[in-house]
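Written below as structure tokens is the structure these notes are about.
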Amino acid sequence: MKLKVVVREAEEGGYWAEVPAIPGCATQGDTLEELMQNVQGGG
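Numbering (our numbering), first residue to last: 1 to 43.
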């Protein structure tokens, strides 16, 4: 299943992402690599 993920830079540093199709579904990471691991469920 493919879902749209919106990635944003956090004001305090790092990144956060949300999945608009799933209310409340969000994650964060210090680097884009860490963020993507968290989005994919590997973090």
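Even for Gly, the Cβ is constructed at its ideal location relative to N, Cα and C. Since the model is a prediction, treat every value here as computed from it, not as a measurement.
Exercise for review: Output the distance between the C-alpha atoms of L35 and K4, rounded to the nearest integer angstrom.
Suggested key: 15 Å
Review point. First and last residue of the beta strand (DSSP E) that includes Q28?
Key: 26 to 29
Point to revise | Euclidean distance between Cα positions of E12 and D30 | key: 10 Å
Review point. For V78, does the count of other Cβ atoms within 10 angstroms reach 16, so buried, or fall short, so exposed?
Key: As displayed, the chain neither begins before 1 nor continues past 43, which places residue 78 out of reach and without an answer.
Point to revise | Residues that DSSP places opposite V7 in a beta bridge | key: A17
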